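Protein chains in written order, with our numbering: chain Z, 814 to 1156; chain C, 19 to 328. Backbone N, C-alpha and C fix where the C-beta goes; we use that ideal spot for every residue, glycine too. Owing to the predicted nature of the structure, the values given are computational and were not obtained by experimental measurement.
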Amino acid sequence: MSNLLPRSTELAELTRHRVLAFLRQPEGVFWVFAFPLLLSAVLGFAFQGGEPAPSRVGVVGDLGGWVARLEADPRIELERFATRVEADQRLAGGHLDALVLGVAPAALRLDPGRAEAEVARLRVLVAVGEVEEDQLAIDPVTERGARYVDFLFPGLLGMNLLGTGLWSVGFAVADMRQRKVLKRFLVTPMRRSSFLASLITARLAFLAGELILLTAFGVWVLDVPLRTSVFTFAALTVLGAVGSSTLGLLVASRTKTIEGVSGLVNLVIVPMWLGSGVFFSYERFPEAIHPLLRLLPLTALNDALRAGMIDGAGLGQMLPELAVLTAWMVIPFFLALRVFRWA
Amino acid sequence: MSVPALRATGLVKRFGDLTAVDGLELELARGMCLALLGPNGAGKTTTIEMLEGLTRPDAGEIEILGRTWSTDAEGIRERIGVQLQETRLQEKVTVLETLRLFRSFYRDGRDLAEVLEVVGLTDKRDARVETLSGGQHQRLSLACALVSRPELLFLDEPTTGLDPQARRRVWEIVAGFKQEGGTVLLTTHYMDEAERLADDVVIIDAGKIIAKGSPAAVIGSLHAESIVELHPRDGTGDRLVDSALLALRGVSEVRREGSAFTLVVTDTQASVGALLGHLTDVGVELESLQTHSPTLEDVFVALTGKHLRE
């Protein structure tokens, strides 16, 4: 049926309307353009590498001449205590990584469950000469593509694509439903498909600006690699943006209020922030649930973005991820078409 | 003019146990204006939304401009203009941008400058919707309904919440549309609106038609020359008895509301004279006494015992 397809004039006007309404709303512009940039800047600079933080180590009393040696080590931040009780309190409160009780042989009190405590122990042992520095010689990783920021940036990009699509489409639909504008459209000959498609085309219009800004920042300021072709990168982001918009459409297909949409979007998005490998690899979760996590749209998007940006993979090398993303684009769209409530 | 602009027969809509519209029959000839008059909750909006194709009736048939919703919904939508109650248009776009959007939905339509002129928003064309007053917003909403040059215009409570001046401007626009041959169906709970705009009124209460005809004919059905409202001074009203009032010359109906009385009279001069004599006889002091020509409101009160604005 030809009238299932959007009509070009009304699609163009609906898209124009959405873009104008969005650009004239300073809050919206901030959340879509400025906030992701700010977040990437803060996180990017925080994890850009450089010297790791010093270990916070406590000592009670004098320990003979050893205190001076600990104090001289730049990797140790020493705090002295008059009594053991005081020192134990600081340790229990998490203000200290380790407490040195004796030297030669070294006796340390620490929480073995904390990685920082292990680091502190090693540094103390090196400082007091129980472990030789050259026994620990390393070959440091400094290349682009292997630093934490290189891992983090594609994750932030993916998170941003998902979030913007969900929020912008979800809010726009709930707002128009609340204003009875949807109902008003329904008594005109406007094709419903034009309206639904316009939400996605408007999203793609913002995407270009948002993406150029963020990617330029990542590549030029944070020095994150972009090794795949521009085509692959653009295709991935378009897929991510369209997929998140259709998900937004589904989330808002029946919700009557902005608050309702807010809740639902959070319900969708927060688990993915944790489980889809934005800040840390999802491989830290039990292996049994990895296949499930890989079915999440953000996991697929992040994995594909990382494969492209860091490893230089082309579209042909990320077919499973592309399949997951496509499924998340098509299924919610048709589901949304079925359950969408106009009035 | 054999095909009416609108015809509805046996229209029924139920919401759970509530029958909102109960067997309504409507017919509207081209070039005429019909007002559905009734209090809030009478079923006016449900009725008009069924006619507009927004709500599916549980029973009955609707024919709009010779077409039915099930066979030619798009053909109907191309030819009608609709103003809904409580639509709040997108605030960040301008008047002209809003009109352009609505214009893009229709195959044919009129020049936007012309529509702006008709609704008196030419000098507001580049103003954002958020800066418009209530009356201007309502006129923009009318403009959105007029961009397609509709044959039939549906207006759901077009002036509710507007100040008197803004209401008059809306009336002028609707009257202008009618003058050019357009057909209008409107709902209202303002009797003056119905009297001013409508060729015919249909008074609805609890989903049923309780009176219909031209405003003059409906008012004439009261057989009243005027309505007398009597407010006795505190306490003295107890001395009045309905049957005694009804026995006065020219009084055809007596109704109490709190301490006040409303009399429907067929001979104003004789009745008021007799009434004043009677009040003196029984020792009732007057707070106020008013007479006015009967209105649609009085018909509604006479038929239902309720006011339209309740």
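Residues of chain Z whose Cβ lies closer than 7 Å to the Cβ of Phe123/C are, in chain order, Glu823, Thr1001, Pro1002, Met1003. Counting every other CB atom within 10 Å of its CB across the protein chains shown gives Trp87/C a total of 16 or more, marking it as buried.
Among the CB atoms of chain Z, one or more fall inside 8 Å of the CB of Glu96/C. Sequence-distant Cβ neighbours of Arg1154/Z in its own chain, meaning closer than 6 Å and more than five residues away, are Arg1067. Annotation: the continuous alpha helix (DSSP H) that includes Pro1104/Z extends over 1103-1107.
Non-local beta-carbon contacts of Gly78/C in its own chain, meaning distances under 7 Å to residues more than five positions away in sequence, involve Ala26, Thr27, Gly28, Leu29, Val30 in chain order. The three-state reading of DSSP puts Ile951/Z in coil, since its state is none of H, G, I, E or B. Membership of Gly871/Z in any alpha helix (DSSP H) is not indicated; the residue belongs instead to the beta strand (DSSP E) covering 868-873. Exposed is the label assigned to Val855/Z, since fewer than 16 other Cβ atoms lie within 10 Å of its Cβ. With at least 16 other beta carbons inside 10 angstroms of its own, Arg157/C counts as buried.
Leu326/C is the residue among Leu83/C, Gly268/C, Leu326/C, Ala23/C whose C-alpha sits nearest the C-alpha of Ala224/C. Distance from the Cα of Ala53/C is smallest, within the candidate group Thr89/C, Asp210/C, Thr112/C, Gly127/C, for Asp210/C. Less than 8 Å divides the Cβ of Leu180/C from the Cβ of Val188/C.
The continuous stretches of beta strand (DSSP E) do not include Gln1130/Z, and DSSP gives it neither H nor E. Each of Thr896/Z, Pro918/Z, Asp924/Z was checked against the Cα of Leu909/Z, and the nearest Cα belongs to Asp924/Z. DSSP, reduced to helix, strand and coil, places Pro182/C within a helical segment of the structure shown. In the DSSP assignment, His908/Z is bridged to no other residue.
Phe195/C is outside the set of residues whose beta carbon lies under 8 Å from a beta carbon in chain Z. Within chain C, no residue has its CB atom less than 8 Å from the CB of Gln902/Z, the nearest being about 56 Å off. Taking every protein chain shown into account, the CB of Ile951/Z has fewer than 16 other CB atoms within 10 angstroms, so this residue is exposed. DSSP, read as helix, strand or coil, puts Leu83/C in coil.
Within the region 831-862 of chain Z, the residues whose Cβ lies closer than 7 Å to any Cβ of chain C are, in chain order, Leu833, Ala834, Arg837, Gln838.
At a cut-off of 8 Å between C-beta atoms, Ala1010/Z does not count as an interface residue with respect to chain C.
For the 8 Å CB-CB criterion, Ile245/C and Thr309/C form a contact.
Annotation for Ala940/Z: Arg882, Leu883, Asp886, Ile889 place their beta carbon closer than 7 Å to its own, counting only its chain and skipping 5 residues before and after. Secondary structure of Ser1042/Z (DSSP, three-state): coil. As the crow flies, the alpha-carbon of Leu1106/Z is around 14 Å from that of Trp1141/Z. A contact between stretches requires three or more CB pairs, one per stretch, nearer than 8 Å, and the region 929-945 of chain Z fails this requirement with the region 953-965 of chain Z. Among the residues of the region 23-40 of chain C, none has a Cβ less than 7 Å away from any Cβ of chain Z. Contact between the region 69-84 of chain C and the region 132-147 of chain C is absent: fewer than 3 CB-CB pairs across the two stretches fall below 8 Å. For Arg927/Z, the closest Cβ of chain C is not nearer than 8 Å. Within chain C, the residues whose beta carbon sits less than 7 Å from that of Glu826/Z are Arg118, Leu119, Ser122, listed in sequence order.
Contact of Ala959/Z with chain C by beta-carbon distance below 8 Å is absent, the smallest such distance being about 46 Å. Per the coordinates, the alpha-carbon of Ser1075/Z lies some 24 Å from the alpha-carbon of Glu104/C.
DSSP places Phe1098/Z outside any alpha helix (DSSP H), giving it a letter other than H or E. Counting only runs of 4+ residues, the alpha helix (DSSP H) found wholly inside the region 124-175 of chain C occupies 130-137, 152-164, in chain order.
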